[in-house]
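K.L.:
Before I ask anything, let me first share the structure, which is written out below as structure tokens.
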Amino acid sequence: MKLPRRKFLHLAAGAAALPVLPRLASADTYPSRPVHMIVGFPASNASDIIARLIAQSLSDRLGQQFIVDNRPGAGSNIGTEMVVRAAADGYTLLLVAPSATINATIYPNLNFNFIRDVALVASIGNSAFVMMVNPAVPAKTVPEFIAYAKANPGKINMASAGNGTATHVFGELFKIMAGVDLVHVPYRGSFLPDLLGGQVQVAFGPIAQSVELIRTGKLRALAVTTASRSAALPDIPTVGEFVSGYDASAWYGVGAPKNTPTEIVGTLNKELNAVLADPRIKERFADLGLIAMPMTPAEFGKLIADETEKWGKVVRAANIKPE
């Protein structure tokens, strides 16, 4: 059967339009499939704990699964590069941690430039680390620890989660500012078993990982690393109360590949800030020693730039090299 020319052109135009409709619909209904959030650290790390809490909240709000995907290695660079190379469609996100600003100086030959190649989406929160010692260490305060360290130079082991990690550079900043000689002992896994066993004597670690060990007396907290005390450990002073000017905080946020559509970044920023306003999340954050820190992408970008400059100075002063 031969169709009239006008009817044929009308049907052809309609058929040509069909493949476009699903693409338009998917752009308008982000997310329309599961979203992967890459974490450059192992499971049970503080970054992983926070990522899982945020991912579940976003899943509940947006009706699509946000899947935490742990890709540890090279100080989180493996996970970051995976996101940098991913499609800029909003379905691969990065849990951003202080390592992003530290690695920029430690690793001179990275295959990416974090500030250039990652679209910052939103800040999540700010957390103190805690300076903690094995209970066998005689010092019960920061001044006592400084005196003990100066009386025993090079004999006290300071554990970290690896060269150039926040647990390392926070300790190096303390060594520089307090004028003490501590032996850095990097671990590829958790340093907590050896800190509990006394093989290492001091560490600067995330409150989220150690708060229960401190509350039960298995470890002794000397101070928290931020300028203000932590609600999770309200009776513990800050390092800065004894070492003037010391301030080191762990912050977390979300990034995406550069060129991710601004509409998707805007949606994620709005939803993440709504999550941070939820009283239940604030309560859970308090248990982890985390304070919600909502920001615009531009504000988060300024934080990244400032922290990159700050930790770059510490890395150079301590001559920290990649493992």
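Going by the numbering used here, 308 is the number at position 180 of the sequence shown; the sequence numbering is gapless. Beta carbons: idealized from backbone N, C-alpha and C, even for Gly.
(1) Under DSSP, the alpha helix (DSSP H) around residue 197 begins and ends at which residues?
(2) If you reduce the DSSP assignment to three classes, tell me which class residue 298 lands in.
(3) Go ahead and pull the three-state DSSP assignment for residue 227.
(4) For the alpha helix (DSSP H) that residue 336 lies in, which residues bound it at each end?
(5) From the DSSP secondary-structure annotation, give me the bridge partner or partners of residue 220.
(6) Counting pairs of Cβ atoms below 8 Å between the region 177-190 and the region 345-363, do you hit three or more?
(7) Count the other C-beta atoms from every protein chain shown that fall within 10 angstroms of the C-beta of residue 157, then say buried if there are 16 or more, exposed otherwise.
(8) Taking residue 384 as the reference, give the member of 169, 295 and 217 with the closest Cα.
(9) In chain order, what residues of the same chain lie with their CB nearer than 6 Å to the CB of residue 377, ignoring the 5 residues before and after it?
(10) To the nearest angstrom, how far is it from the Cα of residue 210 to the Cα of residue 159?
(11) Alpha carbon to alpha carbon, how far is residue 371 from residue 189?
(12) Please name the residue in 451, 359 and 437 whose C-alpha comes closest to that of residue 232.
(13) With DSSP collapsed to three states, give me the class of residue 159.
(14) Consult DSSP for residue 403 and reduce its assignment to one of helix, strand or coil.
(15) Given this structure, state the Cα-to-Cα distance separating residue 306 from residue 294, to the nearest angstrom.
(16) Please list the segments of the beta strand (DSSP E) lying wholly inside the region 361-449, counting only runs of 3 or more residues, in order along the chain.
(17) From what residue to what residue does the beta strand (DSSP E) around residue 253 run?
(18) Do residue 296 and residue 314 count as a contact pair if the criterion is CB distance below 8 Å?
(19) If we cut at 8 Å on Cβ distances, does residue 205 have a partner in chain C?
(20) Mind reading off the beta-carbon distance from residue 428 to residue 420? Whole number of angstroms is fine, and I expect it under 8 Å.
(21) Suppose the cutoff is 6 Å on Cβ atoms and the five residues either side in sequence are ignored; what does the same chain contact list for residue 230 look like?
(22) Per DSSP, what are the beta-bridge partners of residue 202 in this structure?
(23) Quick one: is residue 448 buried, meaning 16 or more other Cβ sit within 10 Å of its Cβ, or exposed?
(24) Run through DSSP, which three-state label would residue 284 get?
(25) Just grab the DSSP bridge partners of residue 314 for me.
(26) From residue 150 to residue 215, what distance separates their C-alpha atoms?
(27) Kindly indicate which three-state DSSP category residue 350 falls into: helix, strand or coil?
P.N.:
Taking the coordinates as given:
(1) It is not in any alpha helix (DSSP H) - residue 197 instead sits in the beta strand (DSSP E) that spans 194-198.
(2) Helix at residue 298.
(3) Annotated three-state conformation of residue 227 is helix, per DSSP.
(4) Membership of residue 336 in the alpha helix (DSSP H) is indicated by the continuous run 335-343.
(5) Looking at the DSSP assignment, residue 220 forms a beta bridge with 164.
(6) No: fewer than three Cβ pairs fall under 8 Å.
(7) By the 10 Å Cβ count, residue 157 comes out exposed.
(8) Scanning 169, 295 and 217 for the CA closest to the CA of residue 384 turns up 217.
(9) Excluding positions up to five away in sequence, the list reads 254 and 354.
(10) In this structure, the CA atom of residue 210 is about 20 Å from the CA atom of residue 159.
(11) Approximately 43 Å between the Cα atoms of the pair.
(12) For the residues 451, 359 and 437, the minimum Cα distance to residue 232 belongs to 437.
(13) Three-state result, residue 159: coil.
(14) Helix at residue 403.
(15) Cα-Cα distance, rounded: 18 Å.
(16) Whole beta strand (DSSP E) segments, 3+ residues: 377-385 and 418-420.
(17) In the DSSP assignment, residue 253 falls within the unbroken beta strand (DSSP E) covering 246-261.
(18) Cβ atoms of residue 314 and residue 296: closer than 8 Å.
(19) This model lacks chain C altogether; it includes just one protein chain.
(20) Not quite, the Cβ-Cβ distance comes to about 13 Å (not below 8 Å), so this is no contact.
(21) Excluding sequence positions up to five before and after residue 230, its CB lies within less than 6 Å of the CB of 292, 297 and 439, all in the same chain and listed in chain order.
(22) Its beta-bridge partners do not exist; DSSP assigns none.
(23) Counting Cβ neighbours within 10 Å, residue 448 comes out buried, since at least 16 surround it.
(24) Three-state DSSP puts residue 284 in coil, outside helix and strand.
(25) According to DSSP, residue 314 bridges with 288.
(26) Because residue 150 carries a pLDDT of 36, less than 50, the predicted location of this residue cannot be relied on, and the following value inherits that uncertainty. Cα to Cα, the separation comes out at about 19 Å.
(27) Strand at residue 350.
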